[in-house]
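In the working numbering, the protein residues as written are 589 to 703.
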C-alpha cells in the first residue's frame, strides 16, 4: 500500500520523512484530484488526501494507475517547484496535455479502471 503523499514527495526528490512541505503538497495534490474527477477518473464522489495515510488503491485501480501517478506528479511539480527552463516547462505541459487526453478516454469508458 503505497502512500500517495510519500510517492509524490519521492518523485519530487523530497524524503518521505521530511514533513515541512506536506501541507503545500497536499493542497496541490487535492487540486489535481479535482481535475481528475472532472475527467471521470477516480471515485464518482471525488477524493482528497488529508495526510500520508491515503494510498493509491484508495483512489484508483486498474490500467491507468501509472498514468494517474505521472499526471499528478507533473501537475504538482509545475505548481510546487516549476523548472526555470521554458523548454522544460513546455515539455511538461505537452506531456500533461497528452495524459489528460488519454485519461479522459480512459474515464469515458466508465469501466473498472474508473473505480
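Heads up, the beta-carbon is just placed ideally off N, CA and C, and yes, glycines get one too.
Report task. Under 6 Å Cβ to Cβ from residue 675, same chain only, skipping five residues before and after it: list those, please. Result -> Taking the first residue of the chain shown as position 1, residue 675 is located at position 87. Beyond the five residues adjoining it in sequence on each side, residue 675 comes within less than 6 Å, by CB distance, of no other residue in the same chain.
Query - residue 665 - containing alpha helix (DSSP H), residue span - result: If you number the chain shown from 1, residue 665 lands on position 77. Residue 665 -> alpha helix (DSSP H) spans 653-668.
Requested in this report: Could you have a look at residue 643 and say whether DSSP puts it in helix, strand or coil?
Outcome: What you label residue 643 is simply residue 55 of the chain shown in a count that begins at 1. Of the three classes helix, strand and coil, the one that applies to residue 643 here is strand, per DSSP.
Query - Beta-carbon contacts of residue 667 that lie in its chain and below 8 Å, excluding the five residues immediately before and after - result: Your numbering for residue 667 matches position 79 in the chain shown. Excluding residues within five positions, the ones whose Cβ falls inside 8 Å are 616 and 619.
Query raised in the report: Thinking just about the alpha-carbon of each residue, which of 665, 593, 644 and 628 is nearest to the one in residue 690?
Result: By 1-based counting over the chain shown, the position of residue 690 is 102. Looking at the Cα atoms, 628 is the closest of the given residues.
Query raised in the report: Skipping 5 residues on each side, what residues in its chain have a beta carbon closer than 7 Å to that of residue 699?
Result: To locate residue 699, count along the chain shown from 1; it is residue 111. Caution applies to residue 699, whose pLDDT of 48 falls short of 50 and renders its modelled position unreliable; the value that the coordinates give is listed next. Answer for residue 699: no residue qualifies.
Query raised in the report: Helix, strand or coil: how does DSSP classify residue 677 here?
Result: Locating residue 677 in the chain shown gives position 89, where the first residue counts as 1. Correct three-state label for residue 677: helix.
Requested in this report: Using only alpha-carbon positions, find the residue among 623, 625, 657 and 594 that is nearest to residue 611.
Outcome: In the chain shown, counting from the first residue as 1, residue 611 sits at position 23. Per the C-alpha coordinates, the member of 623, 625, 657 and 594 positioned closest to residue 611 is 594.
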